[in-house]
Every structure is written in C-alpha cells, then in structure tokens.
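*Asks:* Protein sequences appear in the order of chains A and B.
Take our numbering: the final residue in the first sequence is number 353, and no numbers are missing along the way.
Take our numbering: the final residue in the second sequence is number 703, and no numbers are missing along the way.
Just so it is clear, CB atoms sit at the ideal spot from N, CA and C, and this is done for glycine as well.
Since we're looking at a predicted model, the values are computed, not measured.
What follows is a single structure, and I will ask about it in a moment.
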Amino acid sequence: MNVITQALSAIPGALIAVIVLVGLAPLAEGLLRKLKAIVHSRQGPPILQPYLDLAKLLIKEDLAPCANWIWRMAPALCLGGTIVLALFTPIGGKPPFAFSGDLLVFIYLAAIPPIAIILGAFASGNPYAYVGGSREMMVMLSVEPVMSIALLVAAIKAQSLTFAGILERSAAEPSISMGVAGIAFLLALQAQVGKLPFDIPEAEQEIMEGPFIERSGPGLALFKWALHARLMIFTALLVSIFIPWPHVANAGLSLLLTLAKMAVVLALVGVVDVVNPRLRIDQSMAYYARIVVFVAVGALIFAIVGA
Amino acid sequence: MNAAQLVLAGWGLLICGAAACAVISARRHLVGPLAFLFALGSSVLVAPAALSVLLRDRAAETGALLSLPGVQAALTFRVDQLSALFLLIAALIAPLATLYSIPYMLRLRNQGLLRYYPLFLLFFAGLIGVVCTADWLFFLIFWEFMTICSYFLVIFNKEDRKAARAGLKYVVMTHGATALMLIAVIVTWKTAQPHSFSFAAAKAAMAQLAAARPALLHLLLALWFLGFATKAGVLPLGDWLPDAYPAAPSGASAVFGGMMSKFGIYGILRIFLDMLPASGFSTVWGIVIAVAGASSIFLGTLSALAQDDSKRLMSFHVIGQIGYMLLAIGTGIYLLPVNGLLATLAIMAGLFHLVNNVCYKTLLFFTAGSLEYRAGETNLNLLSGMWTVMPVTGAAALIGSLSIAGVPPFNGFASKWMIYHVTLLGVPGMPLFLLLGILALFVSLVTLASFLKFLGGAFLGPTALNEEQARAGDTPFAMQFPQMFLAALCILFGLAPMTALAGIHRAVGAVLPLAAVPSLSSLVGDSWAGLQLNAFGQQATGVWYPAVVLGALAVGMLIAYWVFRLGAAPRRAVDMWQCGALVDGALARYLVVEPKHEPATAQFESRFQAHGLYSCFKVAFRSVYPSVPLPHTGYPTRFMKIFDVDAWLFGPIVRLGNRVTGALSRTHSGVPQMYLIWQLAGLVVVVVLLALWAG
C-alpha cells in the first residue's frame with residue numbers, strides 16, 4: 047500500500063491517540079493531585095484544575111528575555127514533538143503511525159521534547175535555566191539506557207523492531223526476561239516523566255523550575271501540557287508492551303482496559319511521588335547506574351538465553 | 009575519453025593549481041579565488057566521471073601511466089564503484105573547503121599563504137590518487153603524499169608550539185602505521201606469483217595464503233588493520249587526532265575531520281572486502297573491527313563531552329563517529345560467510361553513515377571555524393550568544409548538531425537506525441554485537457549532550473560581544489555558502505535516504521566477495537520515501553518514512569502554535585530574571601575561566617559557562633580516557649653539553665673576569681676616609697719596601 051494512503055487511513059486512529067494521550071493528560075494530572083491530597087489528608091483541588099491552570103496561563107502575558115527564534119519555537123516544538131510521539135505510542139493495540147516508524151524511531155522521537163526544553167532553556171541565557179538544562183540532560187543520560195534496554199528486550203524476544211512484531215510476541219506468553227524488563231521500565235518511568243524523587247531538572251525550591259524559569263504565559267502552558275502528556279505516553283507504552291493481558295478483541299474495550307491499567311500504574315507513580323523527597327542528581331545517576339547493571343542487563347541476559 | 013581519464017585530468021588540474029598558487033601566493037587576495045577555481049574545475053571533471061561509473065555500474069581504467077617493470081608495479085588510474093563514491097565525496101568537499109578558506113585565510117594577516125593553498129590542493133590530489141590507484145605500491149606513495157601535505161597544514165601556524173608538537177605526534181604515529189602497511193605490502197608482493205603489487209595479484213595472494221599459511225595472513229591483516237585504524241583515528245591508535253586536527257586552519261581541519269579519517273575506512277573496505285575472500289578470516293576480523301569501532305565510539309564520545317574547546321570537541325567526535333562506521337562494517341564482515349543479505353545491509357549502513365558524516369562533520373568544523381573568524385575564539389567558556397550576531401551560522405550549527413546526534417528526520421538518524429538494526433537483530437547467534445549496538449545507542453545520547461553543550465555554549469545565552477563587534481554581522485557569503493550547502497545535504501539524505509543508498513549499494517556491490525549481490529529492494533525496500541528492512545526474514549523488521557514523521561511533526565507544531573495563540577496573550581520584552589538580583593558570585597564555582605573580552609553586559613558576566621554542564625556525569629566518567637601528554641623529545645643532555653661552549657668555556661671565563669673586576673671596583677667606595685686609609689697603607693708598603701731594599 048502506498049505511504050500516503052496509509053497515512054490518510056491512519057488519521058482517525060491518530061486523532062484518538064492524540065485525544066487520549068495528550069488531551070486527557072491534564073485530567074490524569076488532576077487525578078494525581080487528588081491522590082496526593084488524599085495522602086496529605088487534604089481536600090485537594092478540583093479534578094479539572096490542570097485544565098483551568100493551562101487556560102489561565104494561555105491568556106497571561108508572554109514575557110520574553112530574548113528575541114531568539116529558538117526561544118520562541120521551543121514550546122511549540124516540545125508540544126508538537128509530544129503529539130508526534132503520541133502517534134507512535136501503542137494504547138492496547140498497534141500505534142496509529144506504526145507504518146512509518148518502529149521502536150527505534152520512538153526512542154529517538156522521545157528525545158525531541160527534552161531537546162526543545164534544553165535548547166529553549168539555553169536560549170534564555172539564564173544561569174538557572176542552564177543548570178536545569180544540564181540536569182535534564184543528565185537525567186536523560188541516566189534513564190535512557192534503562193528504558194532502551196527494556197524496550198529492546200521486547201524487540202529481541204520478537205526478533206523485530208516493528209510495533210506489530212513486538213506487540214504480537216509480547217502478548218503471546220509471559221516470560222522472565224519481559225517481566226524483569228518491565229520492572230526496569232517501571233523504575234525508569236518515574237524519572238522519565240520527571241516525578242519525585244527525580245524532578246531534579248525543575249527542582250522548584252532550588253533552581254526555580256530550572257529550564258522554565260524565564261517562561262510565562264502560553265509558553266509555560268505548552269511545556270506543562272507536554273510534560274503531562276509525557277507521563278501518559280510512557281505509561282501507555284509500559285502497559286501495552288509489558289502488561290498486555292488480558293487480550294480483548296474489541297478495539298474500544300481494549301482501549302478502556304488499557305486506560306484502567308494505566309490508571310493503576312499512574313497511581314503507583316503518584317504515591318511514589320508524594321512519599322519521597324527529591325534526590326540529588328549524582329544520587330539519581332548512581333541509582334540508575336545500578337538499575338542498568340543489575341536489572342536491565344539482567345533482563346537482557348535472560349532474553350539472550352531465551353527465557 | 010573515459011571516466012578514469014577524466015579523473016586523471018582533474019587530478020592534473022589540482023597539481024597545476026598547486027603550482028599556480030605557489031607562484032602567486034604573495035598576492036593574498038588573488039591566491040584564494042585562484043585555488044578555488046582550480047578546485048572547482050577539478051571537481052567539475054571528477055564528479056561527473058565518478059557519477060557515470062556509479063550509474064553505469066562499471067569500472068573504468070586508464071592505461072599504465074608509469075610502470076616500474078623491475079618490481080612489477082604500475083600506476084594506472086582505475087575508478088571502480090567504491091572509488092567513485094569516495095571521489096564524489098572528495099569532489100564535493102574540495103571546492104567547498106577552498107571557498108570557505110578564502111575569507112578565513114585572509115584574516116590571518118601575518119601568515120604566508122604559500123604554506124596553505126598549494127598544499128591544500130596537493131592534499132586533494134593525494135586523496136584522489138589514493139582511491140584511484142589499483143596498485144599497492146602507488147597506493148602507499150599517494151597515502152604518504154596525503155599524510156605529508158596534511159602534516160604541513162597541521163603545523164601551518166608557525167608561532168604555535170603546541171601545533172608543532174601535535175604535528176610531530178601526527179607524523180610519527182601515521183608513519184609508524186605506514187611502515188606496518190609497507191611490511192604487509194612487501195610480504196603480499198613476495199607471495200604473489202609472479203611478484204606484483206597490483207590489486208588483482210594481491211587478491212590472488214591473499215586467497216592463496218588463506219589456504220596455505222593462515223597464521224601469516226592473520227599477521228598481514230593485523231598490520232593492515234593497524235595501519236588504517238591509525239589513520240582513521242580509532243582509539244588509542246588515533247591519539248594524535250584530537251591534537252592535530254584543531255591545530256590546522258579551520259578550512260583544513262574541516263577537510264581532515266570530515267574526509268581524511270574516512271579514507272582509513274576506504275582502506276579497510278579494500279582489504280577486508282575486496283581482497284579477502286569471505287571465510288573464517290572474515291569472522292575473526294569482523295569481530296575485531298566491530299569491537300575496535302565500539303570502543304572508539306565509547307572512548308571518543310565520552311572524551312568529547314569533557315572538552316571545552318569547540319574544535320577539539322569535534323575532533324573527539326570524529327573518533328566517535330568513525331566508531332559507528334567500523335561497528336557496522338565489522339558486523340558486515342562478520343556476517344559475510346553466514347548471511348550475505350545482512351552483510352550487505354550492514355556494510356551499506358556503515359558507508360551511509362560515512363557519507364552522512366562527511367556532510368555534517370565538515371559542516372560542524374566550518375561553524376567552529378566561523379566562530380573563530382568572528383569572535384577570535386574557539387573556547388566554549390569564552391564564547392556566548394553568538395546566535396544574535398551570526399544567525400545563519402547558528403542555524404547551520406543547529407542542523408549539523410541535530411544530524412550528528414541522530415535526531416529524526418536528519419540524516420544521522422537514518423544511518424544510525426540501519427546500524428542499530430543490523431547490530432541488534434542481525435546476529436542472533438553472537439550476543440556480542442547486540443551489546444555493542446546497545447552501547448552505540450547509549451553513546452548517541454552522549455553525542456546529543458555534547459552538541460547541546462556546543463550550541464548552548466557558543467550560540468545561545470547572553471551575547472559576549474560589544475556593539476562594535478556585533479555590528480560586523482555574520483561571516484562572508486563565501487563562508488556561509490558551504491555551510492548552507494552541506495546543511496541542505498544533511499536534510500536531503502535524512503528525508504530521502506534512498507538517494508544516497510542507491511549509490512552506496514553499487515559501491516558496496518562492486519567489492520563484495522559474494523557470488524551474487526542482493527538487490528537494493530530486497531535490502532531496504534523499493535520506496536524512495538523511506539526504508540523498509542526486509543533482509544531479516546519473512547516480514548519487515550523495521551520501517552522508517554522520514555517525510556511522514558516530518559509532516560506529522562509540522563502538523564503537531566501547528567496545533568501547538570494554535571494552542572499558543574488561543575488566549576491571544578500579549579508579548580512583552582523583559583530583562584532576564586535572576587531571582588531579583590544580578591548573580592555575580594552565587595554561581596562562581598562554575599566560572600572557571602576569566603573572560604578575555606571586556607564583558608558586554610552584566611548578564612554576560614553572570615552567565616553559566618559551558619564547562620559547568622553535565623559536571624556530575626563527566627566526573628563519573630573522568631577516568632575513561634586519560635589524556636597522556638607527549639613526552640618531550642630531544643638529544644641526550646650530555647651530548648648537547650659538548651656543543652654548549654657558553655656553558656663550559658666562555659661562561660666561566662666571563663664569570664671569572666666579572667668577579668675580579670668586581671672586587672677591584674669595590675675599592676672605589678667614594679668615602680674620603682677610605683682613600684686616606686689606602687694612602688696610609690700604600691705609604692707603609694712603600695716604606696717597608698724601601699727599608700727592605702736599603703737594608
């Protein structure tokens with residue numbers, strides 16, 4: 047089939063993916079805030095508060111400390127990159143744009159929003175933003191190996207890097223290597239989405255939101271939204287690849303089931319977020335270095351020997 | 009006139025150009041454009057010839073130009089498809105680099121251009137010779153010719169003692185490597201029956217050795233590999249590279265970093281694909297090459313992260329990027345006897361990365377040179393905010409950086425994607441390649457980190473220049489054009505990888521030791537819009553349609569921009585907010601280098617210097633590749649003392665004289681009482697003497 051016709055036929059699926067993963071992301075954030083409030087024994091904000099926050103930011107003044115077009119493009123690139131990433135994220139079934147890219151494409155596309163954040167931060171020239179950008183990169187450097195190896199374990203089991211092959215194989219039967227890889231991915235998720243104890247790049251109390259220190263109004267809104275969506279995207283990926291059971295033939299039902307599983311994982315992430323204090327960057331790097339060596343490489347060895 | 013004769017004509021034009029430039033080198037404004045005209049003319053001859061060889065898929069040859077019947081060596085220009093690929097690269101870069109050099113070299117007012125343009129053109133002639141000869145003796149001659157020319161370009165700056173030492177290290181190490189290759193050539197010559205230096209004879213000799221004396225063949229292959237790996241810059245053999253490349257003028261550094269290292273890869277392909285039959289030797293040496301490549305990726309890129317000088321940072325990345333090519337090519341060589349389809353794919357991936365690397369690496373060296381041209385500085389700690397002054401160079405640097413970091417949909421991603429596929433899935437029986445592939449995947453992110461450091465340090469942030477410097481604007485068009493051209497190529501090969509792969513497929517096909525070369529569509533699909541890897545089994549194991557992803561990204565960004573404008577938020581320019589006060593000292597631990605220029609703004613003074621980026625990560629990997637300084641060389645000290653007449657003859661005499669006259673001068677103290685005492689003492693002496701004489 048021609049690529050263009052494939053792209054056109056993928057549009058409905060793409061719309062659903064974007065609505066679920068990007069559109070509903072602030073809602074998930076609202077639920078997490080409610081969860082946090084319950085742990086704190088507070089009332090907490092309304093569940094739709096994140097939408098209201100974003101709406102408020104969109105009408106606020108856009109303050110610009112520099113006239114650089116990298117600075118101006120960064121928020122759009124960050125959210126736009128996240129939207130593209132959503133097109134390559136499986137939610138229960140094959141991702142809508144799976145015909146034009148595979149797992150490696152996903153791994154590399156996942157780097158675009160952080161690149162936008164870091165370049166935007168550097169462009170502002172603020173020293174705090176530089177510190178935040180530097181930390182963002184270091185978090186990426188420490189988390190990426192864990193996440194990539196976990197995903198590659200799935201690819202090695204399937205002997206294919208396409209989503210079709212991987213989802214088919216991972217749904218077939220549980221295996222030790224996939225279990226261990228799933229644990230590694232879950233451990234990486236917390237830092238990948240910038241939740242405590244790994245929200246080191248933003249670290250409001252130390253470096254005042256780091257990369258976003260100069261951001262205000264709609265720019266900040268776009269970045270916030272992209273971060274909310276990132277949480278959804280990686281949770282969906284974890285659930286679809288490592289916990290694909292039970293199988294449901296109906297696409298709509300499968301989507302709902304996946305969302306339910308995602309809610310469980312998100313609740314876990316939220317609880318870890320609320321009960322942990324922030325780590326230092328070197329502590330977090332040492333932590334992930336240990337995970338790479340013991341968990342991710344362990345999963346890889348299991349996969350190589352065929353377990 | 010066939011293709012090889014055209015290439016020969018282009019080669020001759022370069023030699024003539026070198027002579028002409030040498031004659032008029034005193035006319036500083038004339039010599040650059042003249043060199044450019046000759047380089048362009050040569051490319052106009054060479055590029056169509058190389059293209060025709062690739063399109064017709066048939067090698068071309070001149071008759072013997074020079075033959076040495078005594079040793080059975082003959083100089084013929086033979087252009088096969090692999091040579092044609094490298095000729096195209098040389099024909100692309102030569103005029104661009106010469107054009108770039110025109111304004112750049114004019115800036116160096118107190119340096120004679122006689123030591124630049126003629127050598128620069130001769131260097132390109134050497135490159136063309138290396139890939140066109142079909143005779144190992146003349147190959148080595150051209151190889152040495154190229155090395156010597158590049159040596160003189162490295163030591164171009166006479167006042168720079170570090171450059172001289174870097175050049176010395178370069179020439180010593182590469183000559184050592186050539187000596188190894190010379191041994192290999194002579195042994196092969198001796199084995200060939202009848203004795204001959206020609207490629208065909210060497211090929212037959214290798215096949216014969218593989219059957220009769222495998223140990224000797226392993227030794228020969230080791231010598232070849234060491235020789236070419238030294239030139240390509242594989243660590244630790246390439247230790248000379250990060251010192252030598254930054255020392256040359258930027259036009260030359262760009263050519264060295266962008267091209268010269270890759271000719272080591274050409275040599276490796278000639279030996280391990282063209283000469284060596286697919287056999288157990290391929291299995292062993294495939295592993296060696298892949299491991300050397302992976303270690304080069306790891307060491308080179310992690311060392312690059314710690315560099316604060318932009319040209320030095322890029323030189324380390326030359327090493328890292330060569331590693332990617334070697335990893336892919338090694339995997340391909342390993343697979344040759346097992347799976348011809350995947351082997352072809354792997355080698356194509358390596359060569360595709362090579363082509364992409366030529367584009368973005370040359371581009372990045374050019375941007376570093378432009379920074380030097382405008383700001384007089386390559387240190388990332390002292391540069392800042394150059395984007396406001398040089399937006400075109402900045403955009404080129406951004407494209408180059410994203411390409412080298414493998415951000416889709418730029419070209420670096422397409423080739424890395426292929427490399428990961430063959431290493432991760434191509435060799436299920438040998439998990440080593442899988443591990444090397446994962447290592448490469450991780451290091452790709454380190455590359456991104458270090459180029460974000462380059463962009464953040466040099467181009468973004470508060471500006472370092474005062475108003476007068478800022479008014480100078482971007483670099484001249486002659487420096488911008490090569491960058492734009494290469495940036496366009498980076499995008500083209502990223503969006504339509506098939507344009508490059510079609511040529512590369514033929515180049516690889518010409519030298520593969522396989523009975524039948526797999527067709528292009530069986531390897532990467534038949535769509536011009538993207539790649540579909542079919543070589544692994546029944547179903548496609550990978551797909552990559554860059555245009556679709558780029559289109560989706562554009563739509564996504566438009567949606568994001570629509571959201572951005574949804575609230576119609578007003579925009580206002582403000583000062584940077586540093587928590588209510590200008591920071592001067594709070595971040596002092598990051599400010600390691602004093603700024604050279606008068607700081608333009610208070611914000612520049614409180615900026616975050618590139619040195620402080622990723623400090624924890626750099627500390628964790630600090631000991632990965634310690635830099636060992638070159639020991640100081642010289643004659644034995646005892647020997648030198650004999651010639652130092654000052655020290656043992658004149659010096660002591662002069663010192664003695666000084667002491668005596670000093671003692672005498674002390675008598676003239678200027679105090680009258682002292683003179684009276686002297687008179688009295690003299691009187692006593694005279695009286696005593698008179699008394700003695702009398703009595």
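1) Tell me whether residue 660 (chain B) is buried or exposed, calling it buried when 16 or more other Cβ atoms sit within 10 Å of its Cβ.
2) List the residues of chain A whose Cβ lies closer than 7 Å to the Cβ of residue 572 (chain B), in chain order.
3) Looking at the unbroken alpha helix (DSSP H) that takes in residue 378 (chain B), where does it start and where does it end?
4) For residue 70 (chain A), does the three-state DSSP call read helix, strand or coil?
5) Quick check: the Cα distance between residue 680 (chain B) and residue 654 (chain B), rounded to an integer number of angstroms?
6) Nearest-angstrom Cα distance between residue 302 (chain B) and residue 449 (chain B)?
7) Which of the residues in the region 138 to 164 of chain A, read from start to end, lie with their CB under 7 Å from any CB of chain B?
8) Please report the residue range of the beta strand (DSSP E) in which residue 551 (chain B) lies.
9) Does DSSP put residue 139 (chain B) in a helix, in a strand, or in coil?
10) Keeping to the same chain, check which residues put their C-beta closer than 6 Å to that of residue 320 (chain A); ignore five residues upstream and five downstream.
11) Which of the residues in the region 425 to 450 of chain B, read from start to end, lie with their CB under 9 Å from any CB of chain A?
12) Which residues share a DSSP beta bridge with residue 160 (chain B)?
13) So with Cβ pairs under 8 Å, would you call residue 578 (chain B) a contact of chain A?
14) Between the region 40 to 57 of chain B and the region 92 to 99 of chain B, do at least 3 Cβ pairs fall closer than 8 Å?
15) Leaving out five residues on either side along the sequence, give the residues of the same chain with a beta carbon under 6 Å from the beta carbon of residue 279 (chain B).
16) Residue 176 (chain A) CB to nearest chain E CB: under 8 Å?
17) Quick check on the DSSP output: what are the complete alpha helix (DSSP H) runs of length 4 or more inside the region 453 to 488 of chain B, in order along the chain?
18) Of the choices B:167, B:159, B:345, whose alpha-carbon is the least far from that of residue 263 (chain B)?
19) On the three-pair Cβ rule with 8 Å, is the region 274 to 290 of chain B touching the region 423 to 437 of chain B?
20) Short of 8 Å in beta carbon distance, which residues of its chain neighbour residue 70 (chain B), apart from the five on each side in sequence? Order them along the chain.
21) Assign residue 75 (chain B) to one of three DSSP states: helix, strand, or coil.
22) Could you tell me the distance, in whole angstroms, from the CA atom of residue 305 (chain A) to the CA atom of residue 501 (chain B)?
23) State the DSSP-derived secondary structure class of residue 89 (chain A), mapped to helix, strand or coil.
24) Pull out every residue of the region 81 to 107 of chain A whose Cβ sits closer than 7 Å to any Cβ of chain B, in chain order.
25) State the start and end residues of the unbroken alpha helix (DSSP H) segment that holds residue 42 (chain B).
26) Which first and last residues belong to the beta strand (DSSP E) in which residue 83 (chain B) is found?
27) Around the Cβ of residue 223 (chain A), are there at least 16 other Cβ atoms within 10 angstroms (buried) or fewer (exposed)?
28) What does a CB cutoff of less than 6 Å around residue 601 (chain B) pick up in its chain, not counting 5 residues either side in sequence?
29) Rounded to the nearest angstrom, what separates residue 271 (chain B) and residue 127 (chain A) at their Cα positions?
30) According to DSSP, is residue 182 (chain A) helix, strand or coil?
31) Does any C-beta atom of chain B lie closer than 8 Å to the C-beta of residue 190 (chain A)?
32) Figure out for me which residue from A:193, A:203, A:330 has the closest Cα to the Cα of residue 281 (chain A).
33) List the residues that DSSP assigns as beta-bridge partners of residue 119 (chain B).
34) Going along the chain, which residues of its own chain have a beta-carbon closer than 6 Å to the beta-carbon of residue 72 (chain B), five neighbours each way excluded?
35) Using 8 Å for Cβ pairs, my map puts residue 61 (chain B) next to residue 282 (chain B). What's the rounded Cβ distance?
36) For residue 251 (chain A), name the three-state secondary structure that DSSP assigns.
*Replies:* Considering the structure as presented:
1) Taking the second sequence and counting its residues from 1, one reaches residue 660 (chain B) at position 652. With fewer than 16 Cβ atoms within 10 Å of its Cβ, residue 660 (chain B) is classed as exposed.
2) As a working note, residue 572 (chain B) is residue 564 in the second sequence. Those within 7 Å of residue 572 (chain B) in chain A are 121, 122, 264, 268.
3) As a first step, residue 378 (chain B) must be located in the second sequence, where it is residue number 370. Counting along the chain, the alpha helix (DSSP H) containing residue 378 (chain B) begins and ends at 348 to 383.
4) In the first sequence, residue 70 (chain A) corresponds to position 24, counting from 1. Look at residue 70 (chain A) here: in three-state DSSP terms it is coil, with no helix or strand label.
5) The sequence position of residue 680 (chain B) within the second sequence is 672, counting from 1. The sequence position of residue 654 (chain B) within the second sequence is 646, counting from 1. Across the structure, residue 680 (chain B) and residue 654 (chain B) are spaced so that their CA atoms are roughly 41 Å apart.
6) Here the question's residue 302 (chain B) lines up with position 294 in the second sequence. Here the question's residue 449 (chain B) lines up with position 441 in the second sequence. So the two alpha carbons sit approximately 11 Å from each other.
7) Residues passing the 7 Å Cβ filter: 143, 145, 146, 147, 148, 150, 151, 154, 155, 157, 158, 161, 164.
8) As a position in the second sequence, residue 551 (chain B) is number 543, starting the count at 1. That run of the beta strand (DSSP E) goes 550 to 552.
9) Here residue 139 (chain B) refers to the residue found at position 131 of the second sequence. For residue 139 (chain B), the secondary structure class from DSSP, reduced to helix, strand or coil, is helix.
10) The residue given as residue 320 (chain A) occupies position 274 in the first sequence. Excluding residues within five positions, the ones whose Cβ falls inside 6 Å are 82, 85.
11) Taking 9 Å as the Cβ-Cβ cut-off against chain A, the residues of the region 425 to 450 of chain B that qualify are 425, 428, 429, 432, 433, 436, 439, 442, 443, 445, 446, 449, 450.
12) As a working mapping, residue 160 (chain B) is identified with position 152 in the second sequence. Looking at the DSSP output, residue 160 (chain B) sits in no beta bridge, so it has no partner there.
13) Within the second sequence, residue 578 (chain B) is the residue found at index 570, counting from 1. Interface criterion met: the Cβ of residue 578 (chain B) is under 8 Å from a Cβ in chain A.
14) By the criterion of at least three beta-carbon pairs nearer than 8 Å, the region 40 to 57 of chain B is in contact with the region 92 to 99 of chain B.
15) Looking up residue 279 (chain B) in the second sequence gives position 271. So the qualifying residues of the chain are 232.
16) The structure shown contains no chain E; the protein chains it does contain are A and B.
17) 475 to 479, all fully within the region 453 to 488 of chain B.
18) Your numbering for residue 263 (chain B) matches position 255 in the second sequence. Of the candidates B:167, B:159, B:345, the one whose C-alpha sits nearest the C-alpha of residue 263 (chain B) is B:159.
19) Contact fails: fewer than three Cβ-Cβ distances are below 8 Å.
20) The count along the second sequence starts at 1 and reaches residue 70 (chain B) at position 62. Hits under 8 Å: 10, 12, 13, 16, 84, 85, 86.
21) In the second sequence, the residue the question calls residue 75 (chain B) occupies position 67. Of the three classes helix, strand and coil, the one that applies to residue 75 (chain B) here is strand, per DSSP.
22) For the purposes of this step, residue 305 (chain A) is taken as the residue at position 259 of the first sequence. For the purposes of this step, residue 501 (chain B) is taken as the residue at position 493 of the second sequence. If you draw a straight line from the Cα of residue 305 (chain A) to the Cα of residue 501 (chain B), it comes to about 39 Å.
23) In the first sequence, residue 89 (chain A) corresponds to position 43, counting from 1. It is coil, neither helix nor strand.
24) Cβ contacts with chain B come from 104, 105, 106, 107.
25) Counted from its first residue, the second sequence places residue 42 (chain B) at position 34. Unbroken alpha helix (DSSP H) run through residue 42 (chain B): 36 to 64.
26) Within the second sequence, residue 83 (chain B) is the residue found at index 75, counting from 1. DSSP places residue 83 (chain B) in the uninterrupted beta strand (DSSP E) bounded by 81 to 83.
27) Numbered from its first residue, the first sequence carries residue 223 (chain A) at position 177. Classification of residue 223 (chain A): buried, given that the 10 Å Cβ count is 16 or more.
28) The residue you call residue 601 (chain B) lines up with position 593 of the second sequence. In this predicted model, residue 601 (chain B) has a pLDDT of only 46, less than 50, meaning its place in the structure is not dependable enough to derive any value.
29) Against the second sequence, residue 271 (chain B) aligns to sequence position 263. Against the first sequence, residue 127 (chain A) aligns to sequence position 81. Approximately 37 Å, taken between the alpha carbons.
30) Taking the first sequence and counting its residues from 1, the one referred to as residue 182 (chain A) is at position 136. Three-state result, residue 182 (chain A): helix.
31) Residue mapping note: residue 190 (chain A) aligns to position 144 of the first sequence, counting from 1. Taking 8 Å as the CB threshold, residue 190 (chain A) lines the interface with chain B.
32) Taking the first sequence and counting its residues from 1, one reaches residue 281 (chain A) at position 235. When each option's Cα is compared against that of residue 281 (chain A), the closest is A:193.
33) The count along the second sequence starts at 1 and reaches residue 119 (chain B) at position 111. Bridge pairing for residue 119 (chain B): absent [DSSP].
34) Locating residue 72 (chain B) in the second sequence gives position 64, counting from the first residue. Within the same chain, residue 72 (chain B) has close Cβ partners 82, 84.
35) Translated into the one-based positions of the second sequence, residue 61 (chain B) becomes position 53. Translated into the one-based positions of the second sequence, residue 282 (chain B) becomes position 274. About 15 Å; that fails the 8 Å criterion.
36) Numbered from 1 along the first sequence, position 205 holds the residue referred to as residue 251 (chain A). The answer is helix: DSSP assigns residue 251 (chain A) an H, G or I state.
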